[in-house]
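Structure first, then comments.
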């Protein structure tokens, strides 16, 4: 592996699923940043939402994306 290069590969017999996964992987960094920004805004504007299921799910997904779970 090159210092400035990484690759993710997956095999699938379903071409549509493989294409959908590729799109999701390509969008992942932007999705992560958008969710992180949204959580920050919600936490600042509505502190009482911190313990809601939706915010907890969002924080859990962000932690998972960082490899913390």
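Numbering (this note's numbering), first residue to last: 1042 to 1110.
From the three backbone atoms N, C-alpha and C, an ideal C-beta is built for every residue, glycine too.
Here the structure is a predicted model, which means the values were calculated and not measured.
For residue i, which option in the options has the closest C-alpha, if you only look at C-alpha atoms?
{"i": "residue 1002", "options": "1072, 1109, 1100", "result": "In the structure as shown, the chain begins at 1042 and stops at 1110. Residue 1002 is therefore absent and cannot be evaluated."}
{"i": "residue 1078", "options": "1044, 1067, 1103, 1060", "result": "1103"}
{"i": "residue 1108", "options": "1055, 1073, 1065", "result": "1073"}
Hey, how far is the Cα of residue i from the Cα of residue j?
{"i": "residue 1085", "j": "residue 1075", "result": "16 Å"}
{"i": "residue 1095", "j": "residue 1110", "result": "18 Å"}
{"i": "residue 1082", "j": "residue 1089", "result": "12 Å"}
{"i": "residue 1062", "j": "residue 1048", "result": "14 Å"}
{"i": "residue 1068", "j": "residue 1105", "result": "16 Å"}
{"i": "residue 1053", "j": "residue 1065", "result": "15 Å"}
Helix, strand or coil for residue i? Go by DSSP, reduced to three states.
{"i": "residue 1085", "result": "helix"}
{"i": "residue 1045", "result": "coil"}
{"i": "residue 1071", "result": "helix"}
{"i": "residue 1078", "result": "helix"}
{"i": "residue 1101", "result": "helix"}
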